[in-house]
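Numbering (our numbering), first residue to last: 73 to 211.
Here you go:
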């Protein structure tokens, strides 16, 4: 599609969607669905760019990257299981560590956030893989 309006909108909407995807990930890591919704929004930003310009061009830019996103996501999910196992607790038990900061109270990071990051990247990869398979040329 060669719509100038769609191409201009895609330029700005891509960054807006990625901003809200990261916001959903950061806000939702203590609630269900943060990584999943954030991953869908980030995947949508790339897909929307494909609609505005050329899906085959976007597919060539990402080449095998959907598989890398899925692999990074699954690795992060696996790594989120390990602290609870090493602590002798049930798998997927949430554990937190507080990182002190010079200003303020500090940041509390936990295994649920690492799990959500994994879901975030896995959903981006699956979304791109699905959309790219729909745009394959038929022989």
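Heads up, the beta-carbon is just placed ideally off N, CA and C, and yes, glycines get one too.
Since the structure is predicted, the reported quantities are computational estimates derived from the model, not experimental observations.
Closest by C-alpha distance to residue 205, when choosing among 158, 186, 85 and 131: 131
Sequence-distant residues of its chain with Cβ nearer than 8 Å to residue 174 (five each side left out): For residue 174, where only same-chain residues beyond five positions count, there are no Cβ hits under 8 Å.
Minimum C-alpha distance to residue 185 - residue among 172, 107 and 144: Per the Cα distances, 107.
8 Å Cβ cutoff met for residue 199 and residue 112: yes
Residue 97 and residue 202 closer than 8 Å at C-beta: no
Residue nearest to residue 93 in terms of C-alpha spacing, selected from 188, 207 and 208: Residue nearest to residue 93 within the set 188, 207 and 208 is 188 (criterion: CA-CA distance).
Given residue 122 as reference, the closest of 95, 149, 81 and 105 once Cα atoms are compared: Of the residues 95, 149, 81 and 105, the one whose Cα lies closest to the Cα of residue 122 is 81.
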